[in-house]
Amino acid sequence: MPRPSELIHLPILLLACRPIRFSLLFLGLGLLTGGCATVRVTDPPRTATEQFLISGSITDAVAALSMDGLRDQLVFLETAYLTGDPPPSAGTRNQIIDRTRPNQDLSFLLGELRARMLKEGVRLTETREQATVIVEARTGGVGVDRYEFLLGLPSVAVSGSIGVDAIGSVPILTPELAILKSTRQLAYSSVAFIAYRNKGGELISQSGPFVGKRLRADYWILGTGPNTVGDIPPAEK
Numbered sequence: 012m013p014r015p016s017e018l019i020h021l022p023i024l025l026l027a028c029r030p031i032r033f034s035l036l037f038l039g040l041g042l043l044t045g046g047c048a049t050v051r052v053t054d055p056p057r058t059a060t061e062q063f064l065i066s067g068s069i070t071d072a073v074a075a076l077s078m079d080g081l082r083d084q085l086v087f088l089e090t091a092y093l094t095g096d097p098p099p100s101a102g103t104r105n106q107i108i109d110r111t112r113p114n115q116d117l118s119f120l121l122g123e124l125r126a127r128m129l130k131e132g133v134r135l136t137e138t139r140e141q142a143t144v145i146v147e148a149r150t151g152g153v154g155v156d157r158y159e160f161l162l163g164l165p166s167v168a169v170s171g172s173i174g175v176d177a178i179g180s181v182p183i184l185t186p187e188l189a190i191l192k193s194t195r196q197l198a199y200s201s202v203a204f205i206a207y208r209n210k211g212g213e214l215i216s217q218s219g220p221f222v223g224k225r226l227r228a229d230y231w232i233l234g235t236g237p238n239t240v241g242d243i244p245p246a247e248k
């Protein structure tokens, strides 16, 4: 049988071991439930807002064109004056080669123009020889303007020299204090065409230039926002 002194010390030992048991239990649960995961996220060179602004303005500009005189005509769509490349030689297909603006915008413009022509009963051909009418498409500009307004104190970069010398100081940005702030993005696209007979060069039809516009605007009031309005999918609720 245990001695009385051992019976007295046994509860004390049990109480002393209880925190250790709980610590081991929580450590085991932490190992079972703990962990971390990361999701790889990439940003494309162009935002969805920019692309929808431009494509929407192109759609509006093309929709304003008149196709009178082109229905049931065999038409070859000449794009050399749209892309800035020299006209292709007879018997070759159009190739969109643009080194100054994204190909995507001009490709979409041409696609919209072709779709509009087909809906209006125009019969498009693959080569100049097959066509009785040549349509030369052109654009005055495709792009986005940005306007910003701030009522308050803008963020300012000030040089800091904490822990380093003045030459290697790290700039510090002061917080922006905006009572009212707005950012507006406006897209403009211009399109026009002229049509003439393949043989003889007689003028058949012309339309444009027409300008399509699309908008996205973001507003902040007393630091709350943004409140977004516009006529493109990223701005619609």
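Start counting the sequence shown at 12; every next residue gets the next number (my numbering).
Note that beta-carbon positions come from the ideal geometry of N, C-alpha and C, so glycine has one too.
Backbone secondary structure at residue 161 - three-state DSSP: Sequence index remark: in the sequence shown, residue 161 carries index 150 (1-based). In the displayed model, residue 161 falls within a strand according to three-state DSSP.
Own chain partners of residue 188 with C-beta closer than 7 Å, once the 5 adjacent residues on each side are dropped: Taking the sequence shown and counting its residues from 1, the one referred to as residue 188 is at position 177. Excluding sequence neighbours, residue 188 sits near 163, 164.
Range covered by the alpha helix (DSSP H) that runs through residue 121: Start at 1 with the first residue of the sequence shown, and residue 121 comes out as number 110. Here the alpha helix (DSSP H) through residue 121 covers 114 to 130.
Per DSSP, cross-strand counterpart(s) of residue 192: Here residue 192 refers to the residue found at position 181 when the sequence shown is read from its first residue. For residue 192, which the question treats as bridged, DSSP gives the partners 161, 231.
First through last residue of the beta strand (DSSP E) which encompasses residue 252: Given a span of 12 to 248 for the chain in the structure shown, any question on residue 252 remains unanswerable.
Residue 186 beta carbon less than 8 Å from that of residue 166: In the sequence shown, the residue the question calls residue 166 occupies position 155. In the sequence shown, the residue the question calls residue 186 occupies position 175. Contact flag set, yes.
Beta-carbon proximity of residue 157 to residue 86, cut-off 8 Å: One-based indexing of the sequence shown puts residue 157 at position 146. One-based indexing of the sequence shown puts residue 86 at position 75. Using a Cβ distance threshold of 8 Å, residue 157 and residue 86 do not count as a contacting pair.
DSSP state of residue 184 mapped onto helix, strand, coil: As a working note, residue 184 is residue 173 in the sequence shown. Looking at residue 184 - three-state DSSP - the assignment turns out to be strand.
Residues near residue 147 in its chain [Cβ-Cβ closer than 7 Å; skip 5 each side]: Working through the sequence shown from its first residue, we reach residue 147 at position 136. Counting only residues of its own chain and dropping the five nearest sequence neighbours on each side, residue 147 has a CB closer than 7 Å to the CB of 89, 92, 204, 205.
Boundaries of the beta strand (DSSP E) in which residue 169 is found, first to last residue: Here residue 169 refers to the residue found at position 158 when the sequence shown is read from its first residue. Note, residue 169: beta strand (DSSP E), 168 to 170.
Closest by C-alpha distance to residue 121, when choosing among 55, 69, 50: The residue labelled residue 121 in the question sits at position 110 within the sequence shown. Closest by C-alpha distance to residue 121, out of 55, 69, 50, is 69.
Under 8 Å between C-beta atoms of residue 215 and residue 60: Working through the sequence shown from its first residue, we reach residue 215 at position 204. Working through the sequence shown from its first residue, we reach residue 60 at position 49. Contact: no.
Residues near residue 144 in its chain [Cβ-Cβ closer than 8 Å; skip 5 each side]: Here residue 144 refers to the residue found at position 133 of the sequence shown. Closer than 8 Å at the Cβ level, and outside the excluded window around residue 144, lie 81, 84, 85, 86, 87, 206, 207, 208, 209, 215.
Option in 211, 195, 213, 219 with minimal Cα separation from residue 240: Position 229 of the sequence shown, counting from 1, holds the residue named residue 240. Checked all of 211, 195, 213, 219; the closest Cα to residue 240 is 195.
Cβ-based burial, residue 190 [other Cβ within 10 Å; buried from 16]: Taking the first residue of the sequence shown as position 1, residue 190 is located at position 179. The residue is exposed, with fewer than 16 neighbouring Cβ atoms inside 10 Å.
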